[in-house]
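Structure first, commentary second.
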Amino acid sequence: MLSSDPTAARALLTGRMAQGGERVLAELTLSGGALGGAGALAVGPERLWLAQPQLLGGPSVASVALSEVGAGSCRPRPALLGGCRLVLEVSGRAVRFATPAAADEVARFLAALEDARR
Numbered sequence: 020m021l022s023s024d025p026t027a028a029r030a031l032l033t034g035r036m037a038q039g040g041e042r043v044l045a046e047l048t049l050s051g052g053a054l055g056g057a058g059a060l061a062v063g064p065e066r067l068w069l070a071q072p073q074l075l076g077g078p079s080v081a082s083v084a085l086s087e088v089g090a091g092s093c094r095p096r097p098a099l100l101g102g103c104r105l106v107l108e109v110s111g112r113a114v115r116f117a118t119p120a121a122a123d124e125v126a127r128f129l130a131a132l133e134d135a136r137r
């Protein structure tokens, strides 16, 4: 079973960002898929970072330069699921994430992302 502890994903991202010389400007917990697990997104001054659970081993971490990240949007998920669906344009493609966060928290994350992109 995948780890459903969002604190672990956020801690991993913070550590990897520090190793890369970046600091966290904003972070957002992500919901797991059908197999469970929790991930996280984080915005740094130069990159967008993602930690996602893997079936075997620890979570994987990836990052992309903010110059590759476009607009983002947030839509509420059905009431039964709660949270929001976050859509980010990355390298010209729409990438979708689910988050348990409320719309106002996602809006703050998107605002921090937009500020960092400038």
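Residues in the sequence shown are numbered from 20 upward in steps of one, following my numbering.
For every residue, glycine included, the Cβ atom is placed at its ideal position computed from N, Cα and C.
Buried or exposed, going by whether 16 or more other CB atoms sit within 10 Å of the CB of residue i?
| i | result |
| --- | --- |
| Ser50 | buried |
| Glu87 | exposed |
| Glu41 | buried |
| Leu70 | The identity of residue 70 in the sequence shown is Ala, whereas the question assumes Leu. Ala70 is buried by the Cβ-count criterion. |
| Thr26 | exposed |
| Ala98 | exposed |
| Ala61 | buried |
So, under 8 angstroms CB-CB, residue i and residue j are touching, yes? Tell me the CB distance rounded to an integer number of Å.
| i | j | result |
| --- | --- | --- |
| Gln73 | Ser79 | 5 angstroms |
| Arg5 | Ala59 | Past the boundaries of the shown model lies residue 5; the chain is included only from 20 to 137, so the question cannot be answered. |
| Thr118 | Leu32 | Not quite, the Cβ-Cβ distance comes to about 14 angstroms (not below 8 angstroms), so this is no contact. |
Got a sec: is the Cβ-Cβ distance from residue i to anything in chain D below 8 angstroms?
| i | result |
| --- | --- |
| Gly111 | In the structure shown, chain D does not exist; there is a single protein chain. |
Of all the options the options, which has the alpha carbon lying nearest to the alpha carbon of residue i?
| i | options | result |
| --- | --- | --- |
| Leu75 | Arg29, Arg112 and Gly56 | Gly56 |
| Val109 | Thr118, Ala121, Pro119 and Leu67 | Leu67 |
| Leu96 | Ala84, Phe116, Gly111 and Leu107 | The sequence shown places Arg at residue 96, not Leu. Comparing Cα positions, the closest option is Phe116. |
Hey, how far is the Cα of residue i from the Cα of residue j?
| i | j | result |
| --- | --- | --- |
| Gly102 | Gln38 | 31 angstroms |
| Glu124 | Gly91 | 14 angstroms |
| Ala126 | Val106 | 12 angstroms |
| Val43 | Arg104 | 22 angstroms |
| Met36 | Arg137 | 20 angstroms |
| Ala120 | Leu85 | 22 angstroms |
Length at least 4, wholly inside the segment 79-137: the alpha helix (DSSP H) runs in chain order: With a minimum length of 4 residues, the continuous alpha helix (DSSP H) runs that stay inside the segment 79-137 are 122-136.
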